[in-house]
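All you need for the numbering used here is the position in the sequence shown, starting with 1, plus 63. Where is the CB? At the ideal position from N, CA and C, for every residue including glycine. Everything numeric in this text was worked out from a predicted model, so none of it was measured. See below for the structure under consideration.
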Amino acid sequence: MPDTLFGRLALLLIAAVIVSHVLALTLMFELRPAHPGHPPGPPPHALAADGRPLPPPGPAPGLWNAPPSLQLGLLLDISVRLAALVAAAWWAARWLSRPMRRLATAAQELGRDIHRTPLPEDGTLECRDASRVFNQMQARIRQQLAERDRFVAAVSHDLRTPLTRLRLRTESLGDAQAQQLFRRDIAEMDAMIASTLDYLRGVAGEEAWVHLDVQALVDSMADDQVAMGHAVTVVGQAAPLRVQAVAMRRCLDNLVGNAVRYGGSAEVTLHDVADALTIEVRDHGPGLPPEELDRVLEPFYRVEASRNRQSGGVGLGLTIASDIVRRHGGRLALRNAPGGGLVVAAVFPRAVAGYQ
């Protein structure tokens, strides 16, 4: 088998031409039209009534095969060859485009999971080169993301030392109101650092995929919230799903926690169909301006009108949830409820390549 795309295509075309030629000749000979023979003549040396000899006898009764007309033969030959070449072209397109489809699928999955399994470097020379370059690109992206995470984590960790000194110096202030303001700012900075470190740990982690009882997870999470005095209800049923268990729990905790923090309560609705599981979390807060529905998914972004400093959030809850849902091949969508409040819908596909 040739090792290059050109060699394989040339071999396929040669085979198609040979097969079409043999098939056309076979059909031409098999489908030759049959012509009736000439009527038999008189016996030899027979004389007519007037004494004149009769014409010599014709061929014996029966059929004789004549070659088809030139026009019919050419039409049959062209039709058979054209059909064979079209069939070969269709099969070749599927055969030769298979590596490209595999590369397109891998590129789509890369946006959901940078830690996906590298492409196998097989096939023709061109396919191996493309797979090798793709795998090198994935490795470089992973390395750059890891270096970024290590840098941010180091900076965030190092910031705790000056924060500790500031906290100690705050105690020496004589003004009680100034002490309170300094403590609040330091607490907010400390919370942002802690959330950043937690976020980076979640992004960098390569947790194993397991079949999880999502229904039990949601019910347990709701019971925990109710035990803390929060109004959380669950509606609907969900079958087990292949997920990263710790990440899934964190995603739902963030969504329900946001709903309770900013809306006072949370309504969790499960919509389970054949191809996807949708988990909707609704609160009864003020909702969001339409232009902010996408921006709140950005890291550290907060809408001050409804999510203020006293809420305790630092603007990473929805970002972390969106990242987790995306790693599961799904999407996180936000919309305002007709009767007021915000609805956050997390869609988890049940059949995603690499996860099922």
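Using a threshold of 8 Å, state whether the C-beta atoms of residue i and residue j are closer than that.
{"i": "residue 318", "j": "residue 289", "result": "no"}
{"i": "residue 407", "j": "residue 397", "result": "yes"}
{"i": "residue 155", "j": "residue 72", "result": "yes"}
{"i": "residue 302", "j": "residue 335", "result": "yes"}
{"i": "residue 147", "j": "residue 79", "result": "yes"}
{"i": "residue 333", "j": "residue 281", "result": "yes"}
{"i": "residue 357", "j": "residue 322", "result": "no"}
{"i": "residue 208", "j": "residue 197", "result": "no"}
{"i": "residue 252", "j": "residue 236", "result": "no"}
{"i": "residue 143", "j": "residue 90", "result": "yes"}
{"i": "residue 260", "j": "residue 216", "result": "yes"}
{"i": "residue 159", "j": "residue 67", "result": "no"}
{"i": "residue 395", "j": "residue 388", "result": "yes"}
{"i": "residue 328", "j": "residue 297", "result": "no"}
{"i": "residue 381", "j": "residue 359", "result": "yes"}
{"i": "residue 338", "j": "residue 414", "result": "yes"}
{"i": "residue 350", "j": "residue 399", "result": "yes"}
{"i": "residue 309", "j": "residue 272", "result": "no"}
{"i": "residue 87", "j": "residue 139", "result": "yes"}
{"i": "residue 244", "j": "residue 277", "result": "no"}
{"i": "residue 412", "j": "residue 393", "result": "yes"}
{"i": "residue 233", "j": "residue 247", "result": "no"}
{"i": "residue 191", "j": "residue 185", "result": "yes"}
What do you get for residue i, buried or exposed, if any count of 16 or more other CB atoms within 10 angstroms of its CB means buried?
{"i": "residue 383", "result": "buried"}
{"i": "residue 348", "result": "buried"}
{"i": "residue 256", "result": "buried"}
{"i": "residue 125", "result": "Note that residue 125 scores a pLDDT of 44, beneath 50, so its modelled location is shaky and nothing firm can be said."}
{"i": "residue 77", "result": "exposed"}
{"i": "residue 330", "result": "buried"}
{"i": "residue 218", "result": "exposed"}
{"i": "residue 404", "result": "buried"}
{"i": "residue 74", "result": "exposed"}
{"i": "residue 129", "result": "Here residue 129 scores only 45 on pLDDT, less than 50, and its place in the model is too uncertain to base an answer on."}
{"i": "residue 292", "result": "exposed"}
{"i": "residue 123", "result": "Caution applies to residue 123, whose pLDDT of 47 falls short of 50 and renders its modelled position unreliable; the value that the coordinates give is listed next. Exposed: under 16 other Cβ atoms inside 10 Å."}
{"i": "residue 200", "result": "exposed"}
{"i": "residue 401", "result": "exposed"}
{"i": "residue 83", "result": "buried"}
{"i": "residue 220", "result": "exposed"}
{"i": "residue 69", "result": "exposed"}
{"i": "residue 81", "result": "exposed"}
{"i": "residue 385", "result": "buried"}
{"i": "residue 390", "result": "buried"}
{"i": "residue 250", "result": "exposed"}
{"i": "residue 152", "result": "exposed"}
{"i": "residue 162", "result": "buried"}
Give the range of the alpha helix (DSSP H) segment to which residue i is assigned.
{"i": "residue 204", "result": "188-233"}
{"i": "residue 286", "result": "277-290"}
{"i": "residue 421", "result": "Residue 421 lies beyond the residue range present for the chain, which begins at 64 and ends at 419; the question has no answer from this structure."}
{"i": "residue 179", "result": "No alpha helix (DSSP H) holds residue 179; DSSP gives it neither H nor E."}
{"i": "residue 70", "result": "68-93"}
Where do the ends of the beta strand (DSSP E) carrying residue i lie?
{"i": "residue 294", "result": "294-298"}
{"i": "residue 305", "result": "304-306"}
Is any beta-carbon of chain D found at less than 8 Å from that of residue i?
{"i": "residue 214", "result": "The chain inventory of the structure shown lacks chain D, comprising one protein chain alone."}
Give a single yes or no on whether residue i has its beta carbon closer than 7 Å to a heavy atom of the ligand GTP.
{"i": "residue 294", "result": "Questions concerning the ligand GTP fall outside what the structure shown contains, since it holds no ligand whatsoever."}
Below 8 Å, can you find three or more Cβ-Cβ pairs linking the stretch 163-181 to the stretch 197-210? Touching, per the Cβ criterion.
Contiguous beta strand (DSSP E) assignments of at least 3 residues, all confined to the stretch 330-356: Whole beta strand (DSSP E) segments, 3+ residues: 339-345.
Of all the beta strand (DSSP E) runs that stay within the bounds of the stretch 373-411, which reach a length of 3 or more residues? Counting whole runs of 3 or more residues, the stretch 373-411 contains the beta strand (DSSP E) stretches 394-399.
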